[in-house]
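The numbering used here numbers the first residue of the sequence shown as 1 and each following residue consecutively.
Just so it is clear, CB atoms sit at the ideal spot from N, CA and C, and this is done for glycine as well.
All remarks here apply to the structure that follows.
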Amino acid sequence: MCGIVGYLGKKSAVEVLVEGLERLEYRGYDSAGIAALEGSAIEIVKSKGKIADLKAKLNGNLSGSTIGIGHTRWATHGRPSDANAHPHRDCTGKIAVVHNGIIENYQELKEFLLEEGHIFLSETDTEVISHLIEHYYKDNDLFTAVQYATSRLEGSYALVVLCTDCPDRLIAARKDSPLIVGLGDEEYFFASDIPAILKHTRRINILDDGEIALITSSKVEVYNSTGKKVAKKEMYVEWDAEAAEKGGYDHFMIKEIHEQPQALQKTLSGRIHSEKGIVDLKEVSLDAEKLRNINNVAIVACGTAYHAGLIGKYAIEKLVRIPVEADIASEFRYRNPLIDDRSLVIVISQSGETADTLAALREAKKRGAHVIAVTNVVGSTVSREADDVLYTWAGPEIAVASTKAYTTQLVAMYLLALDLGTKLGTLSQEKAAEIVKALAEIPNNAAKVLEQAEKVKSWAKEASVWKDAFFIGRGLDWAVAMEGQLKLKEISYMHAEAYAAGELKHGTLALIEERIPVIALATQEELYDKMVSNIEEVNARGANVTGVTFEGNKELEKAVNQVIYIPETLPLLAPILSVIPLQLLSYYAAVERGCDVDKPRNLAKSVTVE
Ligand code: AGP
């Protein structure tokens, strides 16, 4: 994810900025840059690649400047390149901006600014901000220009502005993207994350949504969205540098689990209109006519992404009424798949670099299929080779175990199913509106599930001594069971299996004995009674069953030893919520067992070999 640092004080700004950016490297980025005021001009140095590349370009220059802004970019709009790296400037060269977040209405703003004669040098959404500030900039009043410019932005932003006319100040603003002010001794900082400034100060102000802050070398002033000055509470950061990188959490995995509400919001942002009840997926180039030519869909992926594909199969078959196969990429590529120019192939990959998934994509392209990639990494190989790309916008996932990437992949699959079903007319407007409305509530519902982390933690204490565990479910719950068992295996090294509950009696039931742990997912209304019968089957053999179901379903308590509740939503969307307790279970069980949670043995985050 992108990182921001801003500095104003007596030290060499470039040194402070570069060092701050290095502290943010762990978050992942593809380019970096700084802007510093040297004399009466802004000098911008930026580079694709690592901070070492930026340092090489800087080559010790600009060391006399004491005010500047810096950025590490993780590409969203526009591929990783020198030109797309931040900071971005206006036409006059007086204004430079760094930005985290996504400006959803940037196309519309860009068209307006182009008509006004502005010239753009990058493909980013951020560049509209510097030009918009220029548009409103009058009488050396940078603050008012930033106020006006931000009032026109839709989406999320944390931004810091440097201007040649105001060599004594930096101005910052935020909405839905974190930004803090570091309070030093005759020096002030802006940063997206605490580690960037921890070496210099532990005293901070946290900016709230809608606030605009101004720092000089002697003060900080913060104003709310109505322009009223607000008094901010000073906080003291107790964390050490390592804890600060993880936002105060013990591991990246648990941090990423807790980031899911925001990540889900970003995946949905700009793609649904809940009042109108419609989906707007500009990324998918298939119109109704092209779609009518499609005979079959194949979803191809590996590991967790494959499990997201299983949910995608259900969703697309249900809403689009077209045959869908979900396939493991390493199988798909070698089995002469029935794919041709009347097939749609959807590849799912968090990293966009998984060798098997990439080979499957190439195989599909060779056979003439239309390929849509669902990925989290802009500029990744699958995003470059697919016909259309649907980004999940989950932000960098650092822990090997995939969590927020999975739930955002699920959202992407639902959006795709809604888009295809609406275009083909297999989905009524009323049904689409009902799903869209429920999707809009998913981020809040995910936050509610996370409130149960402590309950799952005590369950995990018990779980940490399990020898085996069985995850069972029917329909979509079975697909979630698959993900639950993989999480438990990969980070806590416990044996676990997932079964379609109706299949148990065909063999696996022989393994169910006294006290064996069974996790039974029961969120699918149409299959509920059948699922309860399957729970009774394992109960009869003495299993210790934990059920996962919707709040209010007290009935299940009669059939199981304990219940984990998730907020009510449409059964179709339940997987996004029901997987969260399973992620928490594996995490806390792994911690209890002393496992290396973020880097489990034998595994890599991105598997780029066959
Ligand atoms: C899941 O926790 C794993 N890290 C793994 O199964 C992963 O989902 C798989 O390797 C696919 O990776 P990708 O999404 O980057 O293609």
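Next on the checklist: Please classify Leu179 as buried or exposed, where buried requires at least 16 other C-beta atoms within 10 Å of its C-beta.
Outcome noted: In summary, Leu179 is buried, with 16 or more beta-carbon neighbours lying within 10 Å of its beta-carbon over all protein chains present.
Next on the checklist: Can you tell me whether His495 is helix, strand or coil according to DSSP?
Outcome noted: strand
*Locate the alpha helix (DSSP H) running through Asn100, then write down its first and last residues.*
For Asn100, no alpha helix (DSSP H) run applies; the uninterrupted beta strand (DSSP E) run containing it begins and ends at Ile95 to Asn100, by DSSP.
* Can you give me the Cβ contacts of Lys457 inside the same chain, cut-off strictly under 6 Å, excluding the 5 residues immediately before and after it? => Tyr588
Roughly how many angstroms separate the alpha carbons of Lys260 and Lys487, rounded to a whole number? Here the sequence assigns Gln to residue 260, which means Lys is not the residue at that position. Near 16 Å, if we compare the C-alpha coordinates of Lys487 and Gln260.
- Task: Confirm, please, whether the CB-CB distance from Ile34 to Ile95 is below 9 Å.
- Result: Note that the C-beta distance between Ile95 and Ile34 is not below 9 Å.
_Excluding the 5 residues flanking Val411 on each side, which residues of the same chain have their C-beta closer than 8 Å to its C-beta?_
Leu264, Thr267, Leu268, Thr392, Leu439, Ile442 and Ile576
Contact set for Gly368: own chain, Cβ-Cβ below 6 Å, skip 5 residues either direction: Non-local beta-carbon contacts of Gly368 in its own chain, meaning distances under 6 Å to residues more than five positions away in sequence, involve Asp340 and Asp341 in chain order.
- Item | Status (buried if at least 16 other CB within 10 Å, exposed otherwise) for Gln524 | buried
Review point. Does ligand 1 have even one heavy atom less than 8 Å from the beta-carbon of Cys302?
Key: yes
Exercise. Where are the beta strand (DSSP E) runs, 3 residues long or more, that stay fully inside the stretch 68–94, in chain order?
Worked result: none
Requested in this report: Please report the Cβ distance between Asp308 and Ala329, rounded to the nearest whole angstrom; I am assuming they are in contact, meaning their Cβ atoms lie under 8 Å.
Outcome: Inspection of the sequence shows that residue 308 is occupied by Ala rather than by Asp. The pair is not a contact, with the Cβ atoms about 13 Å apart (cut-off 8 Å).
*Could you check if Leu511 is buried or exposed, using at least 16 other CB atoms within 10 Å of its CB as the buried criterion?*
exposed
| task | Have a look at Asp193 and Asn534 and give me their C-alpha separation to the nearest angstrom. | result | 48 Å
- Task: Tell me where the alpha helix (DSSP H) around Glu385 begins and ends.
- Result: Where Glu385 is concerned, the enclosing alpha helix (DSSP H) stretches over Thr381 to Glu385.
### Message
Looking at ligand 1, does it come within less than 8 Å of Glu490, judged from the CB to the closest heavy atom?
### Response
yes
### Query
Where Gln147 and Asp250 are concerned, what is the direct C-alpha to C-alpha distance, given to the nearest angstrom?
38 Å
Contact check, Gln625 vs Ser383, beta carbons under 9 Å:
Any property of residue 625 remains undetermined from this structure, which presents the chain solely from 1 to 610.
> Is the closest heavy atom of ligand 1 to the C-beta of Lys605 under 8 Å?
Replying inline: Checking the Cβ of Lys605 against ligand 1 gives yes.
Taking the C-alpha atoms as reference points, what is the distance between Asn205 and Phe189?
10 Å
* Select from Glu555, Thr508 and Tyr414 the residue whose C-alpha is nearest the C-alpha of Leu570. => Tyr414
Could you tell me whether the Cβ atoms of Val161 and Leu183 are closer together than 9 Å?
no
Query raised in the report: Would you call the CB atoms of Glu551 and Tyr528 closer than 9 Å?
Result: The Cβ-Cβ distance between Glu551 and Tyr528 does not fall below 9 Å.
ask   = What's the C-alpha gap between Val222 and Pro581?
value = 39 Å
### Message
My parser needs the alpha helix (DSSP H) runs of 4 or more residues fully inside the stretch 383–451; what are they?
### Response
404–424 and 429–450
Please give the ranges of any beta strand (DSSP E) in the stretch 128–181, keeping only runs that are unbroken, at least 3 residues long and fully inside the region. 157–163 and 170–175
ask   = For Ile81, which of Gly39, Val97, Asn100 and Tyr29 has the nearest alpha-carbon?
value = Here the sequence assigns Ser to residue 81, which means Ile is not the residue at that position. With distances taken between Cα atoms, Ser81 lies closest to Tyr29.
### Message
Going residue by residue through the stretch 184–239, where are the continuous alpha helix (DSSP H) segments of at least 4 residues, counting only ones entirely within it?
### Response
none
Which runs of the beta strand (DSSP E), 3 residues or longer, sit entirely within the stretch 317–348? 324–328
Express the C-alpha separation of Ser130 and Ala447 in angstroms, rounding to a whole number.
34 Å
**Item:** Nearest to Leu344 (by Cα), restricted to the options Val324, Gly352, Arg333 and Leu358
**Value:** Val324
Discussion item. Nearer than 8 Å: is that true of the beta carbon of Glu353 relative to any heavy atom of ligand 1?
Written reply: yes
| query | How long is the line joining the alpha carbons of Tyr137 and Leu170, rounded to whole angstroms? | reply | 15 Å
Original post:
Given Trp74, which residues of its chain have a CB within under 8 Å of its CB, disregarding the five upstream and five downstream residues?
Top reply: Result list for Trp74: Met1, Cys2, Arg27, Gly28, Tyr29, Asp30, Val378, Gly395 and Pro396, in chain order.
I want to know whether the stretch 274–293 touches the stretch 50–66 - three or more CB-CB distances under 8 Å. Not touching, per the Cβ criterion.
- Message: Taking a contact to mean a Cβ-Cβ separation below 9 Å, would you say Ala405 touches Gly312 in this structure?
- Response: no
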